[in-house]
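Residue numbers (the working numbering): 1037 to 1252.
Worksheet for the structure shown next.
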């Protein structure tokens, strides 16, 4: 069944009562995918971790438990999603363990080399410029920093149900090339070419060099 355009728009930038309903549905639909990305990051107690496109924020308390003496940040361009994420974090916000900011991936309000780990689950479809987005992620990650990126590619059987003027499902090679261009070493699963047809792909990318010179 084709996804209605107004639902797709809410997934991109949630607002109002419909946006709250979408956030509730997404918190259940993406639970396993978020768990998969978190597990792949191997978060240490002292890590500073960034969830890009954190949406409903259900992953933030879990990350804070793993990064028990570090700090967790969530960034989302939707005012509504940020508010929902803050509510889900409870006392982790006033205690300073977690922060949530309203921001898109192309303008992250963090200093250079601020994070040890980052994850992004089902958000790349809404990025207009992969090069700029990955450049920003590279900027805020420390050398050796790790990124877990989970997404459906254009080879996935389900993508035709989504309106193409809202969602851009990238090719696997497109993602790998964009990551490598800004200084990431990318680990592509051996079975990705086949698995991408029916399931989201999880790429693990490690920051191997300072990218400032490439982005200026």
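All C-beta atoms in this analysis are idealised placements derived from N, C-alpha and C, irrespective of residue type, glycine included.
The structure displayed is predicted, hence computed values, not measured ones.
By how many angstroms is the C-alpha of residue j removed from the C-alpha of residue i?
i	j	result
residue 1093	residue 1156	12 angstroms
residue 1212	residue 1222	7 angstroms
residue 1099	residue 1126	14 angstroms
residue 1198	residue 1103	35 angstroms
residue 1193	residue 1231	11 angstroms
Taking DSSP as the reference, what is the three-state secondary structure of residue i?
i	result
residue 1159	coil
residue 1187	strand
residue 1153	strand
residue 1056	helix
residue 1205	coil
residue 1097	helix
residue 1127	helix
residue 1221	strand
residue 1115	helix
residue 1177	strand
residue 1107	strand
Are the beta-carbon atoms of residue i and residue j separated by less than 8 angstroms?
i	j	result
residue 1088	residue 1118	no
residue 1219	residue 1174	yes
residue 1191	residue 1233	yes
residue 1047	residue 1184	no
residue 1215	residue 1170	yes
residue 1153	residue 1083	yes
residue 1217	residue 1167	yes
How close, in whole Å, do the beta carbons of residue i and residue j come, if the pair is a contact with beta carbons under 8 angstroms?
i	j	result
residue 1096	residue 1076	About 17 angstroms; that fails the 8 angstroms criterion.
residue 1176	residue 1086	7 angstroms
residue 1202	residue 1045	6 angstroms
residue 1107	residue 1133	7 angstroms
residue 1180	residue 1243	6 angstroms
Should the segment 1126 to 1135 be called in touch with the segment 1060 to 1077, which here means at least 3 C-beta pairs below 8 angstroms?
Segments in contact, no.
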